[in-house]
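Student: All residue numbers for the sequence shown refer to my numbering, where the first residue is -7 and numbers rise by one.
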Amino acid sequence: MKTRILPINSFNAIKEALRILQSGGLVAFPTDTVYGLAANLHSAAAIDRIFQAKGRDSAKAIPVLISHLDQLDQVVSSFPSSARRLAEHFWPGALTLVVPRLPDLPANLSSESTVAIRMPDYAPVLTVLQHCGPLAVTSANLSGKANPLTAQDVLNQLDGRIDLVLDGGRVNGGVPSTIVDCHVEPPVILRQGAIAEEAIQAALQDD
């Protein structure tokens, strides 16, 4: 299989990406942080393909991207008040929240009863998510290798392993999202990323 590359600002490219995702394929696209690798959220086989393409440990959870708060009920069983407060402050943006997941999502999405969820701040990807719903998305690189900032970075690592790359040029971010576990109280920062700990704490304390 040779990986195709199409411009993300093309309607036909978006349409083709949706077709691939709905049929269980893998599509890489730029986000506000790094290039991400997406699969159908409801297909265990498609999620398995992410692990295979990246050489990723299957015990590691795959985050979920959404386009709007209205899509939460397709992913989470509850959304704690701390998560809602952080989402109101930082979504769309580089913040991933760990919250309770729906039990009927594929078991290989995460080994726990939680899911990591984010709303990216990048309009073309939000358009994809609006059309096909929440997606399982992780960085579009080989596990342990450099985060991809361009479509060519993705091809250098994953050519022949995935179906399509949507080329949106070089991403402006480059720094992964901050991850906050809102499944516990008080919330715990699991990974320091683009949003500083001070900003997280200030948002949680904001009345």
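Using N, Cα and C, we set each Cβ at its ideal position, and we do this for glycine too. This one's a predicted model, so the numbers in the text were calculated from it and none came from an experiment.
In this structure, how does DSSP classify Ser73 when only helix, strand and coil are distinguished?
Tutor: Looking up residue 73 in the sequence shown gives position 81. Helix.
Student: Taking just the CA atoms, how far does Arg77 sit from Val117?
Tutor: Walking along the sequence shown from the start, residue 117 turns up at place 125. Walking along the sequence shown from the start, residue 77 turns up at place 85. Looking at the two C-alpha atoms, the distance is approximately 23 Å.
Student: Between Val120 and Ala5, is the Cβ-Cβ spacing less than 8 Å?
Tutor: By one-based count along the sequence shown, residue 120 stands at place 128. By one-based count along the sequence shown, residue 5 stands at place 13. No, the Cβ-Cβ distance between Val120 and Ala5 is not below 8 Å.
Student: Is it right to say Met111 is buried, meaning 16 or more other beta carbons lie within 10 angstroms of its own, or is it exposed?
Tutor: Counted from its first residue, the sequence shown places residue 111 at position 119. Buried: at least 16 other Cβ atoms inside 10 Å.
Student: In terms of residue numbering, what span does the alpha helix (DSSP H) encompassing Arg11 cover?
Tutor: Start at 1 with the first residue of the sequence shown, and residue 11 comes out as number 19. Phe3 to Gln14 is the extent of the alpha helix (DSSP H) around Arg11.
Student: Flag this pair as touching only if the region 61 to 71 and the region 144 to 162 have three or more C-beta atom pairs under 8 Å; answer yes or no.
Tutor: Judged by Cβ distances under 8 Å, the region 61 to 71 makes no contact with the region 144 to 162, as fewer than three pairs qualify.
Student: Under 8 Å: do the region 33 to 46 and the region 94 to 113 share three or more Cβ pairs, one atom per stretch?
Tutor: Yes, since at least three Cβ pairs between the region 33 to 46 and the region 94 to 113 fall closer than 8 Å, the two stretches touch.
Student: If you follow the beta strand (DSSP E) that Asp65 is part of, which residue opens it and which one closes it?
Tutor: The residue you call residue 65 lines up with position 73 of the sequence shown. Counting along the chain, Asp65 falls outside any beta strand (DSSP E), and DSSP gives it neither H nor E.
Student: So what does Thr170 bridge to, in DSSP terms?
Tutor: The residue labelled residue 170 in the question sits at position 178 within the sequence shown. Partner(s): Leu87.
Student: Is it buried or exposed, Arg162, if we count other Cβ atoms within 10 angstroms and call 16 or more buried?
Tutor: By 1-based counting over the sequence shown, the position of residue 162 is 170. With fewer than 16 other Cβ atoms within 10 Å, it is exposed.
Student: Buried or exposed for Ser169, please, with buried defined as at least 16 other CB atoms from any protein chain shown within 10 angstroms of its CB.
Tutor: Along the sequence shown, one-based indexing puts residue 169 at 177. Buried: at least 16 other Cβ atoms inside 10 Å.
Student: On the CB-based measure, 16 or more other CB atoms within 10 Å of its CB, does Arg183 come out buried or exposed?
Tutor: Within the sequence shown, numbered from 1, the residue matching residue 183 stands at position 191. Classification for Arg183: exposed.
Student: State the Cα-Cα distance for the pair Ile181 and Ile(-3), rounded to the nearest angstrom.
Tutor: What you label residue 181 is simply residue 189 of the sequence shown in a count that begins at 1. What you label residue -3 is simply residue 5 of the sequence shown in a count that begins at 1. Approximately 36 Å between the Cα atoms of the pair.
Student: Relative to the alpha-carbon of Val90, which residue among Ser2, Lys46 and Cys174 has its alpha-carbon at the smallest distance?
Tutor: As a first step, residue 90 must be located in the sequence shown, where it is residue number 98. For the residues Ser2, Lys46 and Cys174, the minimum Cα distance to Val90 belongs to Cys174.
Student: Alpha carbon to alpha carbon, how far is Arg11 from Glu80? Give it in angstroms, no decimals.
Tutor: The sequence position of residue 80 within the sequence shown is 88, counting from 1. The sequence position of residue 11 within the sequence shown is 19, counting from 1. Answer to the nearest angstrom: the Cα atoms are 32 Å apart.
Student: What residue from Val172, Asn164, Pro178 and Pro92 has the CA that sits closest to Thr25's CA?
Tutor: Locating residue 25 in the sequence shown gives position 33, where the first residue counts as 1. Of the candidates Val172, Asn164, Pro178 and Pro92, the one whose C-alpha sits nearest the C-alpha of Thr25 is Asn164.
Student: I need the straight-line Cα distance from Leu94 to Ala138, nearest angstrom please.
Tutor: For the purposes of this step, residue 94 is taken as residue 102 along the sequence shown, with counting starting at 1. For the purposes of this step, residue 138 is taken as residue 146 along the sequence shown, with counting starting at 1. One C-alpha to the other measures close to 32 Å.
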